Amino acid sequence: MAIAVLLLTAMGRLMGSALVSGELAEERNRLQQDARFAMERMVRVASHSPRLLLPHNDNPNTSWPEHIREQTVPASPPIGSSTFATAVLAVTLPEFVDLDADGFPDADDDRDGRIDEDLPNDVHHDFHPGIMLIDDDGDGFVDENPAWYWDDDEDGIFNEDPFGYIDNDGDGSFSEDPPSDMNNDGCPGLCGVDDNGDGTIDGGSDDTNDDEEGTGFEDGYNPVVFYLDGNVLMERMPVPWNEDGISSPDGPNDGRDFVASAIASDVTRLRFEKLDIGGSAQAMVLVELELTGPAGSSVTLNTSVRIGGAL
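According to numbering that gives the first Met the number 0, the sequence shown is numbered sequentially starting from 0.
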């Protein structure tokens, strides 16, 4: 009987260990599938997007790195004078997205065959500083100075950085806060250029008409945003219908209309880093994602993606 008890005890321990190992293996497989799905979503959107919106380049006037947006669960202490560290990747909507299946890319707001070519003062058209509900500059605060919704980079001033790949405001980034006359040249479109190929130069009298098609600032950015909500990785997708039920002041559809979907849970670390690729006009972003399950299994994936690399 004593020998039998010893054998049964040993077998119980082995079975318990096998069960724990099986649970860990099952959890790890689930985490790997979830992490791969989330990575594929982020890479596909970013590689087909014409423009990176966040992260910014480093701002020499701040004490935290803006080119790195990293967040952990539980939260790690913020760097410098920032009050809360958040991970966020934002790019403009790719041309392949047509959620209402009307035959026009959702990013082509004015349906003229071109995308993001006639920006308003509030480039995201969401009536909030920067991207609505997002900490654009990494200082820990969201949508500061809400009355200044023309402030596209949340730096406290607006319309100070027109297009031209010159850092006009000295914050390390280029063309991130343009006015409604995107080039700030006082002409419809580019001065002295037939922008829309209709045979006329600087057609129209309104310098906010950046594509010379007759009206001004009707085709802003439609940001796709990836961020953390607790330990859940969210994808925020703009939609071409009145999702929020608000129709003023510019009609039923604007930058406030979007849907947010969970693409991964159990996230314990998310990191986006804008990489230096030798002064190239194109942007490269390093993406790192860590998931940790309740049983203790952990999975980490990382990849680099060139913004617009698949175009």
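Each residue gets a CB set at the ideal place from its N, CA and C atoms; glycine is no exception. Model, not experiment: these values are computed from the prediction.
For the pair of segments examined, the segment 149 to 163 was found to touch the segment 127 to 135: the number of CB pairs separated by less than 8 Å reaches three.
Between ASP160 and ASP180, the CB-CB gap reaches or exceeds 8 Å.
With a cut-off of 8 Å on Cβ pairs, the segment 77 to 90 is in contact with the segment 51 to 65, counting three or more such pairs.
If you ignore the 5 residues before and after ASP109, its C-beta comes within less than 6 Å of the C-beta of GLU217, ASP218, all in its own chain and listed in chain order. Taking 8 Å as the upper bound for CB-CB distance, THR267 and THR71 are in contact here, some 6 Å apart. The segment 94 to 107 and the segment 241 to 253 do not touch, with fewer than 3 CB-CB distances between them shorter than 8 Å. CA-CA distance, ASP253 to GLU234, rounds to 18 Å. Nearest in C-alpha terms to LEU269, of all of TRP240, ASN230, VAL304, is ASN230. Going by C-alpha positions, ASP197 is about 11 Å away from ASP210.
Under DSSP, PRO237 shares a beta bridge with PHE257. Checking the DSSP bridge columns, you'll see ARG68 partnered with PHE271. In the pairwise beta carbon analysis, the segment 280 to 291 is classified as touching the segment 32 to 39: at least three pairs are separated by under 8 Å.
Cα atoms of ILE78 and ILE114: separation of roughly 36 Å, rounded to the nearest angstrom.
When ALA1, MET0, ILE2, LEU23 are compared, the shortest CA-CA separation from SER296 is found for LEU23. Counting only unbroken stretches of 4 or more residues, no alpha helix (DSSP H) element lies wholly within the segment 180 to 209. Shown here, ALA34 sits in a helix according to DSSP, grouped into three states.
For PRO237 and PHE257, the gap between their C-alpha atoms comes out near 4 Å.
Residue environment for ASN60: exposed (fewer than 16 other C-beta atoms within 10 angstroms of its C-beta). When beta bridges are read from the DSSP output, VAL141 appears opposite no residue. In the structure shown, GLU289 falls within a strand segment according to DSSP collapsed to helix, strand and coil.
PRO222 is bridged by DSSP to THR91.
Taking a contact as a CB-CB distance under 8 Å, the pair HIS47 and PRO93 counts as one, their CB atoms being some 4 Å apart.
When the alpha-carbon of ILE276 is set against those of VAL304, ARG43, VAL122, ASN182, the nearest one is in VAL304. When DSSP states are grouped into helix, strand and coil, ALA86 belongs to the coil group. Bridge pairing for ASN301: GLU287 [DSSP]. With at least 16 other beta carbons inside 10 angstroms of its own, PHE271 counts as buried.
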